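Chains as they are written, first to last, in the working numbering: chain A, 2 to 330; chain B, 43 to 547; chain C, 56 to 223.
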Amino acid sequence: MSITKKTFGARMAGAAVGLALALSGFAAPANSLAAEFPEKPVTLVVWAGAGGVLDTYGRKLAELLEKEAGWSVKVDNRPGGSGAVGVSQIMTQPADGYNILVLTGTLTFGIAQGLIPFELEDLRLLRAMQSEPSSLAVLSDSQFKTVDDFTKYMKDKPNGLKVGGHAPGGFHQYMLYQLMKKGDFESGWIPHDASGKVTLGLLGKHLDAAMMTPSTGLAQVKSGEIKLLGVSTDERSAFLPDVPTFKEQGYDIEGAIWRGIAVKAGTPDDAVGAIQAAVDKVTASEDWKKFQIEQFQDSPDWKEEEFTKRAQSDLANQLEFLKANGYVE
Amino acid sequence: MDGILQSLGVIFSLSGVTVLVTGALLGIVIGALPGLGPSIGLSLLIPFTYNLGPELSMLLMISLYTSAEYGGSISAILLSTPGTAAAAATAIDGYSMARQGKANEAISISLTASTVGGVLGGLALLLLAMPLASLALKFGPAGYFAVGVFGLSSVAALSGGSLVKGLACAAFGLALATVGIDPIAGTPRFTFGLFQLYEGVPFLAALIGLFAVSEALAMVESRMASAPSIKDKVGHVFMSAALWKETWRSMLSGSVIGTLLGILPGVGGNIACWVARDYARARDRHPEEFGNGSANGIAAPEAANNATVGGALVPLLALGVPGSPTTAIMVGALIMHGLHPGPQLFNEAPSLVYAILFGTIIASLVQYAAGSLFLPLMARVMRLPDAVIAVGIMAFAVLGAFAIRNLMFDVYLMLGFGVVGYLMKKLRFPVAPVILAMVLGYLVESNYRTALVSSQGDYTIFVTDPISLIFLSLSLVSLLTPLWRRIQARRASSRTEETADCTVR
Amino acid sequence: MSGHASGASVHDLSAGRGGEAPHRHYWQNLVAALVCIGWNVGFLLLSLGLPAGHSRGDVGPGSLPIQVAVFGTVVSAVYLVQVLRGVDLGGTHGRVDIARVSGLMALFVAVCLGANWIGLALCLGIGAGVATLLFPGEKPLVRAAATGAGFWAIAYLVFGKLLALPLP
Chain A
2 MSITKKTFGA RMAGAAVGLA LALSGFAAPA NSLAAEFPEK PVTLVVWAGA GGVLDTYGRK
62 LAELLEKEAG WSVKVDNRPG GSGAVGVSQI MTQPADGYNI LVLTGTLTFG IAQGLIPFEL
122 EDLRLLRAMQ SEPSSLAVLS DSQFKTVDDF TKYMKDKPNG LKVGGHAPGG FHQYMLYQLM
182 KKGDFESGWI PHDASGKVTL GLLGKHLDAA MMTPSTGLAQ VKSGEIKLLG VSTDERSAFL
242 PDVPTFKEQG YDIEGAIWRG IAVKAGTPDD AVGAIQAAVD KVTASEDWKK FQIEQFQDSP
302 DWKEEEFTKR AQSDLANQLE FLKANGYVE
Chain B
43 MDGILQSLGV IFSLSGVTVL VTGALLGIVI GALPGLGPSI GLSLLIPFTY NLGPELSMLL
103 MISLYTSAEY GGSISAILLS TPGTAAAAAT AIDGYSMARQ GKANEAISIS LTASTVGGVL
163 GGLALLLLAM PLASLALKFG PAGYFAVGVF GLSSVAALSG GSLVKGLACA AFGLALATVG
223 IDPIAGTPRF TFGLFQLYEG VPFLAALIGL FAVSEALAMV ESRMASAPSI KDKVGHVFMS
283 AALWKETWRS MLSGSVIGTL LGILPGVGGN IACWVARDYA RARDRHPEEF GNGSANGIAA
343 PEAANNATVG GALVPLLALG VPGSPTTAIM VGALIMHGLH PGPQLFNEAP SLVYAILFGT
403 IIASLVQYAA GSLFLPLMAR VMRLPDAVIA VGIMAFAVLG AFAIRNLMFD VYLMLGFGVV
463 GYLMKKLRFP VAPVILAMVL GYLVESNYRT ALVSSQGDYT IFVTDPISLI FLSLSLVSLL
523 TPLWRRIQAR RASSRTEETA DCTVR
Chain C
56 MSGHASGASV HDLSAGRGGE APHRHYWQNL VAALVCIGWN VGFLLLSLGL PAGHSRGDVG
116 PGSLPIQVAV FGTVVSAVYL VQVLRGVDLG GTHGRVDIAR VSGLMALFVA VCLGANWIGL
176 ALCLGIGAGV ATLLFPGEKP LVRAAATGAG FWAIAYLVFG KLLALPLP
């Protein structure tokens, strides 16, 4: 009731997107190459709340789809249920490509743990547009200088260090598990419910080592307070040229948590083709490249075939990891 | 020095002031609407901040964040509907005061206390950011666990008439807090296959249901045609000297508690408001007034929840780590401008850092001015007939519950909590312990277990960790003091105590 | 608010209603105590069914729920004993107006159910208007229409358009 007077101010903030979309929506079909799709506004269903990393990506994508492809796009946040709410939102809509799910690599963990009550086959994974690796992090005054130092210590003293990171049974623990297998050691896992708390845990010496996304502790990584012993990319990351990969230290580990888009299975190929063409325009734009650098994101740019293949192998490997660690029966 | 002057130049420029005022007005409205809190408000602002410079967008966001913390108390006081989770503690005494016809007084206490809390939190940020940040680092899982236990120890004080009913309510709240995916083992608990419950029972849905809907249901029973006593004119915002004298201690203690708890990620205003209220009650010369419209029962939690704003910015600026979901969104906005928060910002963008530091303090003052603009509107709301107010509570409850996650499931859940809250009210069960236990249950459990995992099952970690030891001792003191007093009183005046406490046989 | 309520009841009782009150509150508290015990025992049974933890040092997902359930059961048992011993623990005095309360509740459940067909904003407007008829007062129809239109406008314009919520 007290809002009525505030409508004007709120309008500027709240409906800025909506307004922009409505305007650009009229101009859209004219300069779009794929004239048949979209005939109406497209909804990007973001499976996380507003304001997070995934939401930031989703909103940038929406902005650039309008700017570069002339679409009219609406962002719809559907957080909850470890992504299950977002997936089921897509599933209740027709498979026509007008509802695009913006999701992350936790999809395969969710399916493997039985939290997301759908299969990979229920979705067409169209494009992975962002990815971030995991890294082994210690404080700079730590006795460990390389991944070898760490694994040797852990081999001598199984569970001798407090190792932790974001989430139980998630991507970072999965990467530690890979390292444990390759380095033949045993380690516990101290889960944290927010990635920022991992950095605080390291700085406050409540953790001896952490598996974390390099950008989580960016300020400390840059200042040298936190040292990254190894990073899980294939080649050295452009953002962290001084940090060696696990691979070059003899541990054949590679993995990244991706963010990308998907549509419901059964979406016709011409709609998918139009989406892919539009995404190509987005990824080719300068705005997008600048955004990726600002966000410290790698651009995997996996197309549907590779994306699906990777997700399938992730799912199989993660299922094995989750079983080995008691997360699933 | 250049940075300071530059930042003051930005703040006091026309656009700076415009942005601060806009943020304050929006913040108050968004805070007052149930279900919409500072974090939703900020995320709605994000697209708008693209075109502002980093300083202006931070000022806008801080202003909205601060004012939303105050705005939550408006609906808590007028409608018994906490607009934000951190205003839950205010609803108890605030609404009770409003029903006694002292709504104006309640609002002015809330506005003043919020401003005092915001300014003191901002000063702490400005002067003590580094030492406070290193204090925050001392808190490990054992420490967080102990803080949670300390918060829980105030349940007895919230129980009102019957201790046994209060404890039963706390058990109910703790049980609700365990719903959802287990924080350590990752197994879903008590979700009955509903993935809407994976993240737990949505706290705001429970809050709105228990506080607001139950009140609307009680109002429909009342046979009187209009609001009984809220005919009070809301005109001025200045607190009388007598009120200042009565509440300044609570404001001060609330601000300190709010700042300190605001620094700790995952603790914040939702918890600080209860701890501050409990502390003020323990110190008050008339603790029995708490729950019946005590001025200190408004001043303490409101000072605390606004002081958490300054506190939450401490880890952001000093360590580059957001201390609350709301500050996490601010990080997102900074990144949009190609800036990454952290101590290096002092060198990279000093004017931005000082804009944030001074902005926090000035935003609180702007909020005071903006808050007073809303008073005539509030007066009009209070003159509405009961029917419209009760229906309004229901309608806003539905919309607010939906806004939490855009899910109708949350709305049904909220209505269910409304029925439970109504029955509790009829049977004289206190609602506050349920809320407190829900807020603290997750903090206590996840950190208890994290501590044990990191010590590999060694329980001595709770005693060897100094922070944990301190807070566990404090909890023991706060649990035993009322008991000890009760025994003393019983000895002194034979059985009068029991009559007052357990009611008549 | 609740604290206020229970506080008030204490004052009322000590003021002079003491004699008759126990009989009044006996049954409602007895039922409440039994419901509490039922809830906590049920919760205990569910907690016992939870799997064990699998990390070193973890007490497991069931640990806290079991403790809470045991605590709750004990507290409820004490509550029951107090009720049986005749301690008045407070309760409602007046008659409960079941028709109006459940009417208001049912109306808003209907609003939520109806949202799927005609949209939440419209449904809420109609529901709010009808709901005011449950209250006594002058010119009920005018009031109902005004309230209905007002809340439709708030839901549609503020929540639907300005805040861009995907209202059903």
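Beta carbons are placed, not taken as given, at the ideal position from N, Cα and C, and that holds for glycine. Every value quoted in this text rests on a predicted model; they were computed, and no experiment measured them.
So residue i and residue j are supposed to be a Cβ contact under 8 Å. How far apart are they, rounded?
i: Val-476(B); j: Gly-215(B); result: 4 Å
i: Ser-233(A); j: Ser-136(A); result: 7 Å
i: Ala-318(B); j: Ala-360(B); result: That pair is no contact at about 23 Å.
i: Val-292(C); j: Leu-85(C); result: In the structure displayed, chain C extends from 56 to 223; residue 292(C) sits before or after that span and is not available.
i: Gly-165(A); j: Trp-190(A); result: 6 Å
i: Gly-1(B); j: Gly-304(B); result: Residue 1(B) cannot be examined here, being either before or after the span of chain B that is shown, 43 to 547.
i: Pro-76(B); j: Phe-438(B); result: 5 Å
Let's see if you can read the secondary structure: which residues bound the beta strand (DSSP E) around residue i?
i: Met-281(B); result: Looking at the DSSP string, Met-281(B) is not in any beta strand (DSSP E), and its letter there is neither H nor E.
i: Glu-333(A); result: Since the first residue of chain A shown is 2 and the last is 330, residue 333(A) is not available in this structure.
i: Asp-77(A); result: 74 to 78
i: Leu-45(A); result: 43 to 47
i: Ile-72(B); result: No beta strand (DSSP E) contains Ile-72(B), which is instead part of the alpha helix (DSSP H) from 56 to 74.
i: Ile-227(A); result: 227 to 232
i: Ala-210(A); result: 210 to 213
Is residue j closer than 8 Å to residue i when the C-beta atoms are compared?
i: Ala-110(B); j: Gly-83(B); result: yes
i: Ser-138(B); j: Gly-333(B); result: yes
i: Thr-309(A); j: Gly-98(A); result: no
i: Val-46(A); j: Gly-87(A); result: yes
i: Gly-141(C); j: Gly-203(B); result: no
Please check if any C-beta of chain F sits within less than 8 Å of the C-beta of residue i.
i: Leu-103(C); result: The displayed structure is made up of protein chains A, B and C, and chain F is not among them.
How far does the alpha helix (DSSP H) with residue i in it extend, from its first residue to its last?
i: Trp-259(A); result: Element bounds for Trp-259(A): not the alpha helix (DSSP H) but the beta strand (DSSP E), 257 to 265.
i: Asn-347(B); result: 338 to 361
i: Gly-189(A); result: Unbroken run through Gly-189(A): none, as it is neither H nor E.
i: Ala-210(C); result: Counting along the chain, Ala-210(C) falls outside any alpha helix (DSSP H), and DSSP gives it neither H nor E.
i: Val-476(B); result: 474 to 496
i: Leu-170(B); result: 145 to 179
i: Leu-162(A); result: Run containing Leu-162(A): none; DSSP gives neither H nor E here.
i: Leu-102(A); result: Counting along the chain, Leu-102(A) falls outside any alpha helix (DSSP H), though it belongs to the beta strand (DSSP E) covering 100 to 105.
i: Gln-144(A); result: Element bounds for Gln-144(A): n/a, residue is neither H nor E.
| request: Note down, in chain order, all residues in the region 110 to 127 of chain C with a beta-carbon under 9 Å from any beta-carbon belonging to chain A. | output: Those residues of the region 110 to 127 of chain C placed with their C-beta closer than 9 Å to a C-beta in chain A are Ser-110, Arg-111, Gly-112, ordered along the chain.
Are three or more beta carbon pairs between the region 145 to 165 of chain B and the region 350 to 361 of chain B nearer than 8 Å? The region 145 to 165 of chain B and the region 350 to 361 of chain B touch, with no fewer than 3 CB-CB distances between them shorter than 8 Å.
Does the structure place the region 96 to 107 of chain A close enough to the region 236 to 253 of chain A that three or more beta carbon pairs sit under 8 Å?
Short answer: they don't touch.
Residues in the region 98 to 131 of chain A having any Cβ partner in chain B nearer than 9 Å
So the list reads Gln-114, Gly-115, Leu-116, Ile-117, Pro-118, given in the order they occur along the chain.
*Cβ contact check for the region 139 to 159 of chain B and the region 90 to 102 of chain B: 3 or more pairs under 8 Å*: No: fewer than three Cβ pairs fall under 8 Å.
Closer than 7 Å between beta carbons: that is the criterion. Which residues of the region 231 to 242 of chain B meet it against chain A?
For the region 231 to 242 of chain B, the residues whose beta carbon sits under 7 Å from a beta carbon of chain A are, in order, Phe-237, Gln-238, Tyr-240, Glu-241.
| said: Any C-beta of chain C within less than 7 Å: which residues of the region 72 to 101 of chain A qualify? | reply: Residues passing the 7 Å Cβ filter: Asp-77.
Checklist line | Near-chain A residues of the region 482 to 498 of chain B - C-beta to any C-beta below 7 Å | finding: For the region 482 to 498 of chain B, which is checked against every Cβ of chain A, the residues closer than 7 Å are Ser-488, Thr-492, Val-495, Ser-496, Gln-498.
Using 8 Å as the cut-off, can you tell me whether the region 280 to 299 of chain B makes contact with the region 493 to 509 of chain B, which would need three or more C-beta pairs spanning the two stretches below that distance?
With the cut-off at 8 Å, the region 280 to 299 of chain B and the region 493 to 509 of chain B do not touch.
Legend entry - the region 479 to 493 of chain B / the region 222 to 229 of chain B touching (three or more Cβ pairs under 8 Å): A contact is defined here as three or more CB-CB pairs under 8 Å, and the region 479 to 493 of chain B meets this definition with respect to the region 222 to 229 of chain B.
Using a Cβ cut-off of 9 Å, which residues of the region 248 to 264 of chain B contact any Cβ in chain C, in chain order? So the list reads Leu-252, Phe-253, Val-255, Ser-256, Glu-257, Ala-258, Leu-259, Ala-260, Met-261, Val-262, Glu-263, Ser-264, given in the order they occur along the chain.
*Residues in the region 301 to 328 of chain A with C-beta within 7 Å of chain C's C-beta atoms, listed in sequence order?*
Under the 7 Å Cβ criterion, the region 301 to 328 of chain A contributes Asn-326, Gly-327.
Discussion item. Count Cβ pairs between the region 385 to 400 of chain B and the region 155 to 169 of chain C that sit closer than 8 Å; are there 3 or more?
Written reply: Not touching, per the Cβ criterion.
**Proximal residues, the region 40 to 60 of chain A versus chain B, C-beta separation under 8 Å** = Within the region 40 to 60 of chain A, the residues whose Cβ lies closer than 8 Å to some Cβ of chain B are Gly-50, Ala-51, Gly-52, Gly-53, Val-54, Asp-56, Thr-57, Arg-60, listed in chain order.
Counting only Cβ-Cβ distances shorter than 7 Å, please list the residues of the region 175 to 198 of chain A near chain C, keeping chain order. Cβ contacts with chain C come from Gly-189, Trp-190.
*Taking a Cβ distance cut-off of 7 Å, strictly less, list which residues of the region 143 to 162 of chain C are near chain B, in chain order.*
Sequence-ordered contacts of the region 143 to 162 of chain C with chain B read Asp-143, Leu-144, Gly-145, Gly-146, Thr-147, Val-151, Asp-152, Arg-155, Val-156, Leu-159, Met-160 [C-beta pairs closer than 7 Å].
Discussion item. Beta carbons nearer than 7 Å to chain C: which residues of the region 188 to 213 of chain B have them?
Written reply: So the list reads Leu-200, Gly-202, Gly-203, Ser-204, Val-206, Lys-207, Leu-209, Ala-210, Ala-213, given in the order they occur along the chain.
Counting only Cβ-Cβ distances shorter than 8 Å, please list the residues of the region 217 to 229 of chain B near chain C, keeping chain order. If the cut-off is 8 Å between Cβ atoms, the region 217 to 229 of chain B has Ala-217, Thr-220, Asp-224, Ile-226, Ala-227, Thr-229 near chain C.
Worksheet item: Closer than 8 Å, Cβ to any Cβ of chain A: which residues of the region 284 to 303 of chain B, in chain order?
Response: Taking 8 Å as the Cβ-Cβ cut-off against chain A, none of the residues of the region 284 to 303 of chain B qualify.
Worksheet item: Can you list, in chain order, the residues of the region 386 to 403 of chain B whose Cβ is nearer than 9 Å to any Cβ on chain A?
Response: Going along the region 386 to 403 of chain B in chain order, one finds Gln-386, Leu-387 with a Cβ nearer than 9 Å to chain A.
Kindly confirm or deny that the region 452 to 459 of chain B and the region 229 to 249 of chain B touch, where touching means at least three C-beta pairs closer than 8 Å. The answer is yes - the region 229 to 249 of chain B touches the region 452 to 459 of chain B, with three or more Cβ pairs under 8 Å.
*Could you tell me whether the region 123 to 132 of chain C touches the region 92 to 99 of chain C, where touching means 3 or more Cβ pairs closer than 8 Å?*
As far as the Cβ criterion goes, the region 123 to 132 of chain C touches the region 92 to 99 of chain C, which means the pair count is three or higher.
Counting pairs of Cβ atoms below 8 Å between the region 151 to 164 of chain C and the region 404 to 422 of chain B, do you hit three or more?
Between the region 151 to 164 of chain C and the region 404 to 422 of chain B there are fewer than three inter-stretch CB-CB distances shorter than 8 Å, so the stretches are not counted as touching.
| Using 8 Å as the Cβ pair cut-off and three pairs as the minimum, do the region 279 to 295 of chain A and the region 136 to 156 of chain A touch? | Cβ pair count under 8 Å is below three, so no.
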